[in-house]
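Engineer:
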Amino acid sequence: MARLNTFHLPTDQWPARVGDVVRLTGPEARHMGTILRTEKAQTVRLFDGQGRDGLFSVRDIAKNRAELEALELAEHPAPAGGLTLAIGWGKSKRRDYLLEKVVELQGRGVIFWQAIRSQGALPEDPKATWNEKFIQAAKQCGVVRLPELDTVSGGVDGLLAMAGEFDRCYLAWEAEEATTPLSPGMLSKGRTLVVIGPEGGFDPVEADKLIHAGFGPVTLGPSILRWETAAVYCLSLAMFGAQDRS
Numbered sequence: 001m002a003r004l005n006t007f008h009l010p011t012d013q014w015p016a017r018v019g020d021v022v023r024l025t026g027p028e029a030r031h032m033g034t035i036l037r038t039e040k041a042q043t044v045r046l047f048d049g050q051g052r053d054g055l056f057s058v059r060d061i062a063k064n065r066a067e068l069e070a071l072e073l074a075e076h077p078a079p080a081g082g083l084t085l086a087i088g089w090g091k092s093k094r095r096d097y098l099l100e101k102v103v104e105l106q107g108r109g110v111i112f113w114q115a116i117r118s119q120g121a122l123p124e125d126p127k128a129t130w131n132e133k134f135i136q137a138a139k140q141c142g143v144v145r146l147p148e149l150d151t152v153s154g155g156v157d158g159l160l161a162m163a164g165e166f167d168r169c170y171l172a173w174e175a176e177e178a179t180t181p182l183s184p185g186m187l188s189k190g191r192t193l194v195v196i197g198p199e200g201g202f203d204p205v206e207a208d209k210l211i212h213a214g215f216g217p218v219t220l221g222p223s224i225l226r227w228e229t230a231a232v233y234c235l236s237l238a239m240f241g242a243q244d245r246s
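Residue 140 in the UniProt record's numbering sits at position 140 of the sequence shown; the count goes up by one each step and never skips.
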């Protein structure tokens with residue numbers, strides 16, 4: 001069976017049972033009708049980003065709207081563990097790339113935090129365009145659950161306030177003092193948080209505070225990585241660890 005075109009339907013619009021009719025409007029409907037030129041009676045896949053997906057038949061379609069009937073519905077349980085990345089804020093043009101890779105490599109979440117060496121001020125709340133990048137990536141790779149997305153103010157103290165939500169916490173540190181390599185096995189069990197600094201790296205005060213709070217310092221290898229490269233490296237290790245465990 002050929003791969004079906006996929007579209008996002010918000011959770012509050014998700015059908016309760018097979019046979020229910022739903023309506024797509026806005027960008028998703030335009031993508032379906034105008035860009036992909038979907039026709040009546042065609043079968044497509046919808047997902048809500050919170051673990052639900054299903055097959056739907058197109059009953060009616062125009063440029064800016066579509067009406068679909070649910071043919072098959074499935075619900076996938078949330079994973080017990082997973083990797084969340086806390087990344088020091090920066091005005092990086094590569095942020096969109098990072099958000100796409102978090103989805104493709106099945107990260108549990110991403111947190112942007114205000115570091116001492118951050119460039120610019122961290123937005124108070126996640127931007128809608130960031131979540132849109134998640135959605136577009138999920139449509140491409142077939143993921144049913146979007147990563148959690150958050151911003152944390154208060155610098156390192158803000159991160160420490162969240163540490164209790166995780167089973168393991170690590171500090172990806174470029175300093176010589178970090179000699180333990182981050183490995184797939186360290187990321188394969190439970191909820192894990194890995195903190196990555198901004199482009200300018202961690203201020204020593206930040207690193208000391210995290211280490212004294214129990215964050216294990218780890219190295220990502222001999223090269224000093226850009227933050228999006230460091231993030232992809234961590235996500236790849238976590239995915240490998242999860243597959244190896246299964």
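The beta-carbon is built from N, C-alpha and C at its ideal position, and this holds for glycine as well.
Relative to the C-alpha of D150, which residue among F134, C141, A138 and Q140 is closest?
Structural biologist: The shortest Cα separation from D150 among F134, C141, A138 and Q140 belongs to F134.
Engineer: For T34 and G155, what's the separation of their Cα atoms in angstroms?
Structural biologist: When rounded, the distance between both Cα atoms is 45 Å.
Engineer: Is the CB-CB distance between G216 and L171 below 9 Å?
Structural biologist: Yes, the pair counts as a contact, with Cβ atoms nearer than the cut-off.
Engineer: Kindly indicate the opening and closing residues of the beta strand (DSSP E) around E148.
Structural biologist: Element bounds for E148: E148 to V152.
Engineer: Short check: CB of L36 to CB of A86, under 9 Å?
Structural biologist: No, the Cβ-Cβ distance between L36 and A86 is not below 9 Å.
Engineer: Just to confirm, are R168 and G201 a CB contact at a threshold of 9 Å?
Structural biologist: Going by C-beta atoms, R168 is not nearer than 9 Å to G201.
Engineer: Which term fits C234, buried or exposed, when burial requires 16 or more other beta carbons within 10 angstroms of its beta carbon?
Structural biologist: Buried, because 16 or more other Cβ atoms sit within 10 Å of the Cβ of C234.
Engineer: Per DSSP, which residues does A86 bridge with? Please list them.
Structural biologist: A86 pairs with I111 and V195.
Engineer: If I'm right that W89 touches G120 with Cβ under 8 Å, what's the distance once you round it to whole angstroms?
Structural biologist: W89 to G120, Cβ: 7 Å. Contact.
Engineer: Quick check: what's the CA-CA separation for residue 250 versus M162?
Structural biologist: Past the boundaries of the shown model lies residue 250; the chain is included only from 1 to 246, so the question cannot be answered.
Engineer: Using DSSP's beta-bridge definition, name the partner residues of A66.
Structural biologist: For A66, which the question treats as bridged, DSSP gives the partners L24 and I61.
Engineer: What three-state label does DSSP hand R17 in the structure shown?
Structural biologist: Reduced to three states, the DSSP call for R17 is coil.
Engineer: Expressed to the nearest angstrom, what Euclidean distance is found between the alpha-carbon atoms of T192 and D96?
Structural biologist: Each residue's Cα considered, the two are about 23 Å apart.
Engineer: Within 8 Å, do at least three Cβ pairs link the stretch 221 to 232 to the stretch 68 to 84?
Structural biologist: With a cut-off of 8 Å, the stretch 221 to 232 and the stretch 68 to 84 do not count as touching, because too few Cβ pairs lie within range.
Engineer: Could you tell me whether the stretch 62 to 75 touches the stretch 11 to 23, using the rule of 3 or more Cβ pairs below 8 Å?
Structural biologist: Cβ pair count under 8 Å is three or more, so yes.
Engineer: Taking the alpha-carbon of I116 as reference, which of A29, E199, E228 and F240 has the nearest alpha-carbon?
Structural biologist: Here the closest residue by C-alpha is E199.
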